[in-house]
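Peer 1:
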Amino acid sequence: MVTWLDACREDIARRGLDPELAEVLRAFGGDTAPGPAALDAPLPRETLPARIDTVLGAEVDPHQAALFARRFRAVSALLDQRSEPEARLLQVMLYRRGAQLLDEAAPHALRVRALVDFVWSQAAVLQHRREDAPTLEDLVAGLQTRALGPGLSHGLIEGVSQEGPIHVNVLRARAPRLRTLDARGAGGLVELARAHGAPAAISGGFFLYSEPDIEPPSQRTDPVGFLVDQGQLSGPPVFRRASLLQCTAGSLRIARVGLHGVCVRIGATVAEVGRDAQAVHRAHAEHVEAGPGRAVAIVGRKVVAVSQGALRVPLAGFVLLLPPGPAIEVGALVDYTLPGPALRAAMAGGPLLLGPDALDLTQEDFAGSAPPLTFSRDETYDRNLLPRMGVGLTAADELVVVAVDGRNAERAPGLTLRATARLLEALGCTRAMNLDGGSSKRMVVDGRVVDLPSTGVVAAGSEPEGIRPVHSAILFLPD
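Read in order, the letters of the sequence shown correspond to residues 8 to 486 in this note's numbering.
#1: Could you check whether A34 and R103 sit closer than 8 Å to each other, using their CB atoms as the reference points?
#2: Tell me the rounded alpha-carbon separation between D385 and A297.
#3: When you compare the CB positions of C270 and L361, do they come within less than 8 Å of one another, or not?
#4: Nearest to A433 by CA position, among A278, D145, P69, is which residue?
#5: Return the residue from the list A410, E138, G212, P230 that minimises the CA-CA distance to S250.
#6: Specify whether the stretch 341 to 357 and the stretch 231 to 245 touch according to this definition: at least 3 beta carbon pairs, one from each stretch, less than 8 Å apart.
#7: How big is the Cα-Cα spacing for A275 and V341?
#8: Leaving aside the five residues before and after D220 along the sequence, list all residues of the same chain whose C-beta is less than 7 Å from its C-beta, in chain order.
#9: I'd like the span of the beta strand (DSSP E) that includes Y102, first residue to last.
#10: Suppose you measure from the CA of A131 to the CA of D139; what does that come to, to the nearest Å?
#11: Taking only the alpha-carbon atoms, compute the straight-line gap between A419 and D372 and give it to the nearest angstrom.
#12: Quick check: what's the CA-CA separation for A29 versus M354?
#13: Give me the residue from A256, P49, P331, T187 with the minimum Cα distance to A278.
#14: Over the uninterrupted beta strand (DSSP E) stretch that includes T401, give me the two end residues.
#15: For the structure I just gave you, are there three or more beta carbon pairs, one from the stretch 420 to 428 and one from the stretch 223 to 232, closer than 8 Å?
#16: DSSP state of A256, grouped into three classes?
#17: Which one or two residues does DSSP pair with T344 in a beta bridge?
#18: Using beta-carbon positions only, say whether V326 and A304 come within less than 8 Å of one another.
#19: What do you get for T54, buried or exposed, if any count of 16 or more other CB atoms within 10 angstroms of its CB means buried?
#20: Using a C-beta cutoff of 8 Å, does P92 count as contacting chain D?
#21: Can you name the start and end residues of the beta strand (DSSP E) that L442 belongs to?
#22: By a C-beta neighbour count over all protein chains shown, 10 Å radius and 16 as the cutoff for buried, is M8 buried or exposed?
#23: What is the DSSP secondary structure of S241, reduced to helix, strand or coil?
#24: Taking 8 Å as the cut-off, decide whether the C-beta atoms of R137 and V167 are in contact.
#25: Counting pairs of Cβ atoms below 8 Å between the stretch 388 to 395 and the stretch 438 to 450, do you hit three or more?
Structure representation (structure tokens):
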């Protein structure tokens, strides 16, 4: 049976287009390609976005559903403006894969969002394809910075590269004093920075947002994973992921930190993970059997369930498998003792961008149903151009931060993770990691937002949509 994907392959071969485009079109379904096979068959331009709004509205809040439907329409409009044959094939993919995802089993929201971002990325590549453009490294070489204070400077990389237009704000900090914190309720990153007298601040790590099974005590916007603020553990390192760490003496490092070697204390029970107990999280499984011992579900610093049989693994927590011992009550408080030097600040993100095993998502527990699902269930193979936030360390221990703007067709489509790694390497970093990007990426310098944030796709003639609040943050404090 001939499919629309077969018709696209024939069109690619007949026109002599890049064969890589055929692989691009396989995303989000492989060779399974339902729907009309003819490339000139009408596209459901009105009904499919409306269906996205309706179907996703049953899974996520109405605001998110409407946002994803608007993004779909914006990407379709961008493709309509293009005359290249590749744009026509991407338009077919957008509608056929979109309908296919809605026809498959729930949940749909994250896959539809990922599809729209993916096609947007490919459209941006097409729009700005220019072989004679300078490289990222060429543009970095022209970076000029201005001092914000002792050891802290800010600069902007702007221009058209082989990756398309880029708009990247850069912070460079020598021996900074960091504050890593849950930023909810602070009124915004500008207000948070002002309240602490910080000349610069950036958004932080991942948080629960579009996952379909957020259950109490977790709630939407909860930070995901390792977080230490002023020496106090706010979130245990549930997932083994790249983290920015500052010890109490002030030194900085970027390392993968997980539960292995962490000492967990629940009342009279004390166990070291990996030696006395096993920790199971959502990258491993969604349900676990206690076996002959005890299974204790933990979210943050509280026991949420106990069983000697099967137990559901919390979305942003873990199940601790313990040998037989004293009874543990639901609601009991959990204390953690971390191995290694005492930390003043820590913020998890991931994946590692530069260093051993860099860009290996499974090495950092981006697997199974571990949040964020946009990484754990990625179907694009790092072809997405997106807003990014990256941090790195140079050989001289200088901290470098890049806020990469994206989803802006004219000024900044965004970068892939690999391109973000190249950018940080060109800035002199030898080790680097990713923080949460997308609509959450934010940088504040001298009391104002300097990046180009938006929750939607910005095309020619359109205005940026509302700005998503920052839920965790890294502050650069004055000495």
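Ideal Cβ positions, reconstructed from N, Cα and C, are used throughout, including at glycine.
Peer 2: In short:
#1: no
#2: 31 Å
#3: no
#4: D145
#5: G212
#6: yes
#7: 11 Å
#8: L322
#9: From DSSP, Y102 is part of no beta strand (DSSP E) but of the alpha helix (DSSP H) over 92 to 110.
#10: 17 Å
#11: 30 Å
#12: 39 Å
#13: P331
#14: 395 to 401
#15: no
#16: coil
#17: C270
#18: yes
#19: exposed
#20: Structure shown: chain D not included; a single protein chain is present.
#21: 436 to 442
#22: exposed
#23: strand
#24: yes
#25: yes
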